[in-house]
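Okay, structure first, notes after.
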Amino acid sequence: MGPHDGIERFTSPGKGRGMRALRDFRLGELLFTCPAYTCVLTVNERSNQCDHCFARKEGLSKCGKCKQAFYCNVDCQKGDWPMHKLECSSMCTYGQNWNPSETVRLTARILAKQKLHPERTSSERFLTVKEFESHLDKLDNEKKELIQTDIAALHHFYSKNLHYADNAALEVLFAQVNCNGFTIEDEELSHLGSAIFPDVALMNHSCCPNVIVTYKGTVAEIRAVQEITAGDEIFTSYIDLLYPTEDRNDRLKDSYFFTCDCKECTTKQKVRGHCSSGPNVTLVSFLRRVPALT
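Counting from 4, one number per residue, gives the positions in the sequence shown under my numbering.
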């Protein structure tokens, strides 16, 4: 079976598009994987991890020009060059003043990727980047001003190496990234970088999720944290489940513009068993103990 044979895109009642299971999945079983459409290593992890594959190792080789990007080997350096060349000369020019945000860096890479690979990618089996929701019409003035600040930074740091659309199209793209971008974390839940995983973004939210997203390098792995039956919708959690119900919904409204109607939110009680709002680290630890199910 292929990596996506057990799932499909469908129209979820009251939620729009979503993902559902075509067969049963056991607790801990891998549903699918999704390579990053594009990604960026956080600045704080430079020299610790490869800018291309995110592998953590000693003795990484640095870019001979800017001295600010680090790689496992020549293959990783060559693989990253289409993205790194957007920043390399600018890093040299601005030195310590080169400081675009991670969101700006990720958005620049999306624009470059769309030009380099206009065709559908292996990260977009079910959902394309251009289909992302932007919720631009729901943004308040403060969020719109932040997007304009990001657009200005994009022009400032990337104008020599990147050709991009008009301001209106950039507004939409930044809003899409804000709603659909992912934080890549290690097994200790430390922030490693940001990425776009289109197929993962198709999943709807629940505070009682039946899957968890973990990362192996720059590949997202989606595994069952409940028994899943054929026909079930696949739900992940967009936020930290440790927050109380009211706080969770405030965060969902602020970032994703909806109120969760899962059992845990509608009853405002902790649902025991699989729906318990336990810490994500418990789920990660559990998954590390079930390699036989992969």
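Ideal placement from N, C-alpha and C gives every residue a C-beta, glycine not left out.
Please check the pair residue i and residue j, which I expect to be a contact at CB under 8 angstroms, by giving their CB distance rounded to whole angstroms.
i, j, result
"Phe57", "Gly196", "7 angstroms"
"Val175", "Leu139", "6 angstroms"
"Pro165", "Ala115", "According to the sequence as given, residue 165 is Leu; it is not Pro. Between Ala115 and Leu165 the Cβ distance is about 6 angstroms, and since that is below 8 angstroms, they are a contact."
"Ser301", "Ala39", "Beyond the ends of the chain as shown, which are 4 and 297, falls residue 301; an answer cannot be given."
"Met206", "Gly31", "Not really, about 18 angstroms apart at Cβ, beyond 8 angstroms."
For residue i, count neighbouring C-beta atoms within 10 Å of its own C-beta (all shown protein chains included) and say buried if the count is 16 or more, exposed if not.
i, result
"Gln151", "exposed"
"Pro16", "exposed"
"Glu11", "exposed"
"Leu130", "buried"
"Glu267", "buried"
"His159", "exposed"
"Asp143", "exposed"
"Thr41", "buried"
"Ala155", "exposed"
"His194", "exposed"
Could you tell me the alpha carbon to alpha carbon distance between residue i and residue j, rounded to whole angstroms?
i, j, result
"Asn102", "Ser93", "10 angstroms"
"Ala233", "Val216", "20 angstroms"
"Asn213", "Leu34", "11 angstroms"
"Pro85", "Lys141", "34 angstroms"
"Ser209", "Arg26", "20 angstroms"
"Phe238", "Ala198", "20 angstroms"
"Asp8", "Thr221", "22 angstroms"
"Tyr218", "Val132", "20 angstroms"
"Gly62", "Ala72", "13 angstroms"
"Gln99", "Phe13", "48 angstroms"
"Glu224", "Cys37", "7 angstroms"
"Val293", "Ile231", "Summary for Val293: the model assigns pLDDT 46, below 50, so the residue's position carries little reliability, and this model does not support an answer."
"Ser137", "Leu173", "11 angstroms"
"Lys146", "Arg254", "14 angstroms"
"Cys75", "Val180", "28 angstroms"
"Tyr97", "His87", "15 angstroms"
"Lys18", "Leu149", "28 angstroms"
"Cys79", "Glu122", "23 angstroms"
First and last residue of the beta strand (DSSP E) that includes residue i?
i, result
"Ala39", "No beta strand (DSSP E) holds Ala39; DSSP gives it neither H nor E."
"Ser15", "Ile10 to Ser15"
"Val228", "It is not in any beta strand (DSSP E) - Val228 carries neither H nor E in the DSSP assignment."
Quick check on DSSP: helix, strand or coil for residue i?
i, result
"Tyr241", "coil"
"Thr45", "coil"
"Glu299", "This structure does not reach residue 299, given that the chain is present from 4 up to 297, and the question cannot be answered."
"Arg301", "Only positions 4 to 297 of the chain appear in this structure, which leaves residue 301 out of reach."
"Val274", "Unreliable placement is indicated for Val274, whose pLDDT of 44 sits below 50; no coordinate value is reported for it."
"His194", "strand"
"Tyr167", "coil"
"Arg254", "helix"
"Gln117", "helix"
"Phe135", "coil"
"Glu236", "strand"
"Arg112", "helix"
"Lys70", "coil"
"Asn183", "helix"
"Asn207", "strand"
"Lys301", "Outside the modelled stretch of the chain, which goes from 4 to 297, sits residue 301, for which no answer is possible."
Got a sec, what are the start and stop residues for the alpha helix (DSSP H) residue i sits in?
i, result
"Met22", "No alpha helix (DSSP H) holds Met22; the beta strand (DSSP E) holding it covers Gly19 to Ala24."
"His159", "Asn144 to Tyr161"
"Tyr218", "Run containing Tyr218: none in the alpha helix (DSSP H); it sits in the beta strand (DSSP E), Val214 to Lys219."
"His87", "Val77 to His87"
"Met94", "Cys91 to Tyr97"
"Asp202", "Pro201 to Ala204"
Does any CB atom of chain D fall closer than 8 angstroms to the CB of residue i?
i, result
"Glu105", "Of the chains in the structure shown, none is chain D; there is only one protein chain."
Compute every distance between the C-beta of residue i and the non-hydrogen atoms of the ligand NAP, then say whether any falls below 7 angstroms.
i, result
"Cys42", "In the structure on display, the ligand NAP does not appear, and there are no ligands present to speak of."
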